[in-house]
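Before any comments, here is the structure.
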Amino acid sequence: MSLSMNSSSSGRTGRASAGIYIHIPFCKQACHYCDFHFSTSLKKKDDLILALVKELELRKDELQHKTVETIYFGGGTPSVLTIDELQVLILAVYKNFEVAAHPEITLEANPDDLMSVRTQSKTIFEDYKNIGINRLSIGVQSFFERDLKLMNRAHNAEEAKVCLEDATHYFDNISIDLIYGIPDLTNKEWIENIETALAFNVPHISCYALTVEPKTALATFIKKGIIKNVDDDLAQAQFHILVERLEGNGFVNYELSNFGKPEYFSKNNSAYWQGKPYLGIGPSAHSFNGDQRSWNVSNNTMYIKSIQQHKLPLEVETLSVTDKFNEYVMTGLRTVWGVSLQKVAQDFGDVYQKHLLQQAEVFINEHLLYIDDYTLLTTKKGKFLSDGIASSLFKINLS
Ligand SMILES: C[S@@+](CC[C@H](N)C(=O)[O-])C[C@H]1O[C@@H](n2cnc3c(N)ncnc32)[C@H](O)[C@@H]1O
Ligand code: SF4
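The numbering of the sequence shown is our numbering, which starts it at -9 and goes up by one.
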């Protein structure tokens, strides 16, 4: 198919850029730790694809005068879709929006899906490339069987390795997801996981501290004493091991959980963190237009029904100046771009800048924050704690 229809570069046209996120709410099996929105029943897959296409149509005016620079299939597990289904969605984006000449198109994929279509002479990767996907985010989580079982992942360690090996023959822009702070994962094993990931020579790695989300199987198992609780100190130590190893191998920790070689930062996620607008399509997907955040209903049946009736199943929140300030501080402190004191004064006013500097002082004295070139940043020691620090810097609207 041709991906050049309707396309233009925002650099050339001077139009603002935007992203489109498409949520695929299906997974083969439920990982014990996960509270993202997904269903393990694929019965409604066909209706859902039709609804996603319809939602793209219904919302085509929301990115008027903007050029779509990134398309991101997230989940759930987008790799449960067939090539034809993914192509239908990509074509629907091109049909309804102005798309850049060379958009970043990311697919989140799980090793078991990638392996299930592998034969001796064929892998799925060539097909992905042919429909325009140019970035893969592969959910490995760990290369240890014990961890994969504990997390109830649908793949084993060997499948993860084989699929990464295959993927690197077709794609250079690959990201691997890993999880640290897993009960019983020793620092030695964590280093082994990092080294195994590095051996595949991928240019991007996302690493998350295992979080015990309420109402997940993991939370229940921990409560019942079947699985050990996570240890925050161990997670923090493993984060520091990670930063040291990856920075030593040419990666930039450009966001708390994200490490990329220069030129390989996720354009989609960087745009989120820099406050650019994006449209979130699909159940549970969030959108941002610069002033408002909205989120779609987290229920596949309700989503499909509402879209079939030409109604957007979403709730909207208009951000106050204080909300925007707090969000900027939260995301800024997690990223290498930090919190620009000049931007704070310009966009929010001197009162906000004064508040920020006053609240930051204690963290600067503890060497958790520092100021460089009029920008507030977390130190190496402070980075892991950035969310907690950010919330202490928030402005609270009491009126
Ligand atoms: C929502 S998943 C979607 C991608 C894909 N389905 C997968 O499992 O790889 C995105 C990533 O979030 C991370 N994640 C989800 N829940 C988590 C949790 N409770 N703690 C730590 N990481 C989590 C996992 O690393 C996962 O790869
Ligand atoms: S981690 Fe990924 S595969 Fe596992 S349940 Fe969550 S979205 Fe699905």
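Beta carbons: idealized from backbone N, C-alpha and C, even for Gly.
Contacts around residue 150, its chain only, beta-carbon distance under 7 Å, and the 5 residues preceding and following it disregarded: In its chain, beyond the 5 residues on either side, 101, 130 and 133 have a beta carbon closer than 7 Å to the beta carbon of residue 150.
Whose C-beta lies closer than 8 Å to the C-beta of residue 198 among residues of the same chain, with five residues either side of it excluded? The beta carbon of residue 198 is closer than 8 Å to those of 167, 168, 169, 170 and 247 in its chain, skipping five residues each way along the sequence.
Residues around ligand 2, please: the condition is that the C-beta lies closer than 6 Å to some non-hydrogen atom of it. These are the residues, in chain order, with a beta carbon less than 6 Å from any non-hydrogen atom of ligand 2: 17, 20, 21, 24, 26, 28, 65, 66, 67, 100 and 129.
Are the CB atoms of residue 304 and residue 284 within a distance shorter than 8 Å? Going by beta carbons, residue 284 and residue 304 fall inside the 8 Å limit.
When you compare only the Cα positions, how much space is there between residue 375 and residue 96? Each residue's alpha carbon lies about 29 Å from the other.
Would you mind sorting residue 286 into buried or exposed? The rule is 16 or more other CB atoms within 10 Å of its CB. Buried, because 16 or more other Cβ atoms sit within 10 Å of the Cβ of residue 286.
Using a threshold of 8 Å, state whether the C-beta atoms of residue 385 and residue 312 are closer than that. Yes. Within cutoff.
Residue range of the alpha helix (DSSP H) that includes residue 170: Where residue 170 is concerned, there is no enclosing alpha helix (DSSP H), although the beta strand (DSSP E) it sits in stretches over 164 to 170.
Locate the beta strand (DSSP E) running through residue 248, then write down its first and last residues. Counting along the chain, the beta strand (DSSP E) containing residue 248 begins and ends at 248 to 250.
For a minimum of 3 consecutive residues, which ranges assigned as the beta strand (DSSP E) are wholly contained in the region 336 to 382? Runs found: 359 to 362 and 365 to 368.
Of the listed residues 380, 162, 76 and 325, nearest to residue 254 (C-alpha basis): Per the Cα distances, 162.
Quick check on residue 56: buried or exposed, where buried means 16 or more other Cβ atoms within 10 Å of its Cβ? Buried, since its Cβ has 16 or more Cβ neighbours within 10 Å.
Coarse secondary structure for residue 73, derived from DSSP in three states: Note: residue 73 maps to helix in three-state DSSP.
Reduced DSSP category for residue 93 - H, G, I as helix; E, B as strand; rest coil: Residue 93 falls in the strand class under three-state DSSP.
With 16 other CB atoms within 10 Å as the buried threshold, where does residue 183 fall? By the C-beta density criterion, residue 183 is buried, having at least 16 other C-beta atoms within 10 angstroms.
Over the uninterrupted alpha helix (DSSP H) stretch that includes residue 87, give me the two end residues. For residue 87, no alpha helix (DSSP H) segment is defined, and its DSSP state is neither H nor E.
Is it the case that the CB of residue 358 approaches a heavy atom of ligand 1 more closely than 7 Å? Not under cutoff, so the answer is no.
From the DSSP output, in three-state form, read off residue 256 for me. Three-state DSSP puts residue 256 in coil, outside helix and strand.
For residue 357, is the classification buried or exposed, using 16 other Cβ atoms within 10 angstroms of its Cβ as the cut-off for buried? Taking all protein chains shown into account, residue 357 has fewer than 16 neighbouring C-beta atoms within 10 Å of its C-beta and is therefore exposed.
Given 8 Å as the limit, is there contact between the region 255 to 272 and the region 48 to 67, that is, 3 or more CB pairs closer than that? Contact between the region 255 to 272 and the region 48 to 67 is present, because at least three Cβ pairs lie under 8 Å.
Report whether the distance from the Cβ of residue 149 to the nearest heavy atom of ligand 1 is below 7 Å. The beta carbon of residue 149 sits no closer than 7 Å to any heavy atom of ligand 1.
For residue 260 and residue 333, what's the separation of their Cα atoms in angstroms? Distance from the CA atom of residue 260 to the CA atom of residue 333, rounded to whole angstroms, is 18 Å.
Round the Cβ separation of residue 319 and residue 329 to the nearest angstrom and send it over; I've been treating them as touching at under 8 Å. A Cβ-Cβ separation of about 6 Å places residue 319 in contact with residue 329 under the 8 Å criterion.
Counting Cβ pairs, one atom from each stretch, are 3 or more of them under 8 Å apart for the region 205 to 212 and the region 16 to 35? Yes: the two stretches touch, three or more of their Cβ pairs being nearer than 8 Å.
Neighbourhood of residue 231 by C-beta, 7 Å cutoff - its chain only, sequence neighbours within 5 removed: Once the five neighbours on either side are set aside, the close Cβ partners of residue 231 are 177, 180 and 181.
Tell me the rounded alpha-carbon separation between residue 47 and residue 294. If I take the Cα positions, the gap works out to 14 Å.
Under the criterion of a Cβ to heavy atom distance below 7 Å, does residue 203 qualify as lining ligand 1? The answer is yes for residue 203.
Per DSSP, what kind of secondary structure is residue 400 in: helix, strand or coil? With the chain covering -9 to 389 only, the question about residue 400 has no answer from this structure.
Supposed close pair residue 116, residue 160 - CB separation, criterion 8 Å: Indeed they touch by this definition, with Cβ atoms about 6 Å apart.
Any heavy atom of ligand 1 inside 7 Å of the beta-carbon of residue 131? Checking every heavy atom of ligand 1 against the Cβ of residue 131, one is found closer than 7 Å.
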